[in-house]
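Given below as structure tokens:
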């Protein structure tokens, strides 16, 4: 197992970590088996979130007796000091630990990030928890380029999580900037939310980028862990055959896959177009129907509000048929 230092945190972590979203598909006993498999393989970085329903709780139970071997990272969508302080306490209780190595602001918009850093914002609670030893370091996760750019300017951000995979490379320059600024980079969605079927090729592509500190595929089975470990541990340059495979994946998904660059915004009726497609991906590819529908229900303006004005489509750099894709999302979600 290759280990990297997670930027200015100084944490020494495995190049491949464990993404905790799919734990929602299994049970506590299954989670425990996975954690012991990771321990034996030398994987020591675990990612979860307050929003992943049972994930923190199952992990806390599974890590009893082996907690000291792992670096734990979780995150909260709280934006105020009071709400963040409460979430930190809940995470500590769920994970059955007295400290969490990395606590992250979970996927804020630019406006929400301003709220986080303002007086009475979530950052105050994070800094107090850090001073008290409840959390070790503070990070941020994002899906939007503009949030990534803003995060790079904030001196309290020690690690950034953002999607990067064969078909989502729009953050590549910012990922390189993380290296230059000594900010740890955590790669989520290495399989593009399950859209990339060849998991080994997807993982090989990600780790071929030296600016990726750690990649965290979501895994729910021992077989998935073994497959991803084999791919991640292969540090040889991509072969000519693999490069052809990368090109084929891009060709297959390039006309039908939302990369969440947000260039389609603003929608004339206020639909968060990338958000719709994000939750649709969870619904169709992750096997998390209940969770995906619950999250979709929180979107103020549903895909069904589309008036088919078409203003978004010329702005999409990938030429996606957004109107037709929104219709498909309406069919899947029912609204």
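Numbering (the numbering used here), first residue to last: 269 to 603. The beta-carbon is built from N, C-alpha and C at its ideal position, and this holds for glycine as well.
Minimum C-alpha distance to residue i - residue among the options
i	options	result
residue 542	407, 520, 556, 567	567
residue 478	485, 487, 455	455
residue 288	280, 302, 278, 277	302
residue 595	582, 555, 539	539
residue 340	368, 573, 388	368
residue 347	324, 569, 410, 386	386
residue 279	351, 405, 530, 460	405
residue 528	375, 277, 392, 359	375
Residue i: first and last residue of the uninterrupted alpha helix (DSSP H) it sits in
i	result
residue 471	467-475
residue 456	Residue 456 -> not in any alpha helix (DSSP H); beta strand (DSSP E) instead, spanning 452-456.
residue 435	Counting along the chain, residue 435 falls outside any alpha helix (DSSP H), and DSSP gives it neither H nor E.
residue 566	Run containing residue 566: none; DSSP gives neither H nor E here.
residue 550	541-553
Alpha carbon of residue i to alpha carbon of residue j, nearest angstrom
i	j	result
residue 390	residue 308	37 Å
residue 292	residue 561	14 Å
residue 318	residue 356	9 Å
residue 275	residue 492	27 Å
residue 300	residue 329	8 Å
residue 582	residue 352	39 Å
residue 342	residue 597	29 Å
Unbroken beta strand (DSSP E) run spanning residue i, endpoints
i	result
residue 272	271-273
residue 425	First-last for residue 425: undefined, no H or E at that position.
residue 382	Element bounds for residue 382: not the beta strand (DSSP E) but the alpha helix (DSSP H), 378-385.
residue 341	339-344
residue 370	368-373
residue 355	Where residue 355 is concerned, there is no enclosing beta strand (DSSP E), although the alpha helix (DSSP H) it sits in stretches over 349-362.
residue 403	403-409
residue 280	280-282
Nearest-angstrom beta carbon gap, residue j and residue i [assumed within contact, 8 Å]
i	j	result
residue 452	residue 427	4 Å
residue 332	residue 283	Not confirmed; about 26 Å, so no contact.
residue 604	residue 372	As displayed, the chain neither begins before 269 nor continues past 603, which places residue 604 out of reach and without an answer.
residue 463	residue 549	7 Å
residue 384	residue 414	The pair is not a contact, with the Cβ atoms about 15 Å apart (cut-off 8 Å).
Neighbourhood of residue i by C-beta distance below 8 Å, restricted to the same chain and skipping five residues each side
i	result
residue 514	434, 469, 473, 506
residue 457	431, 432, 433, 436
residue 420	428, 442, 445, 446, 449, 451
residue 569	535, 537, 538, 539, 540
Sequence-distant residues of the same chain with beta carbon closer than 6 Å to residue i, five excluded per side
i	result
residue 545	526
residue 397	356, 403
residue 424	406
Nonlocal neighbours in the same chain, by C-beta distance under 7 Å from residue i, ignoring five residues either side
i	result
residue 557	551
residue 305	490, 493
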